[in-house]
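Residue numbers (the numbering used here): 18 to 168.
We put the beta carbon where it would ideally sit given N, CA and C, even for glycine.
Here is the structure we will look at, set down as structure tokens.
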């Protein structure tokens, strides 16, 4: 579960979660609750900022991988893709909000100037959950290429 992953990360020295929510109060409430349950701090630095500004700032220095898609809005071909301008163009062409604020997709941030090292994800399958296709992953000592995604 997500809380189990947060506990695992806490055991590796992570002290807080940083979340990219912009304006969905229900999701803010959820991440604050799961972080509190896992004994982690919770930061939402993008709260209330314009979407295009947020995206431009993030892509200038951060990296994130798409780890879940709403099956009613996006196809599985987006799973495992690293977010960049070309992927954002494809997302918008498919009718998604550029930042995924409508729940069309979710990411895991793998690099930020705030991190001491890149987070490497190893794929462990794809599952369906509540109308979403979700990559199962574990934190790995080295990156897992998108080409290695299970089908």
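With respect to the C-alpha of residue 131, the residue from 94, 23, 36, 24 having the closest C-alpha is 36. Per DSSP, reduced to three states, the secondary structure at residue 152 is strand. For residue 124, the closest alpha carbon among the candidates 153, 90, 118, 84 is that of 84. The Cβ atoms of residue 150 and residue 93 sit closer than 7 Å to each other. For residue 138, the enclosing beta strand (DSSP E) starts and ends at 137-146. For residue 147, the closest alpha carbon among the candidates 77, 86, 43, 53 is that of 86.
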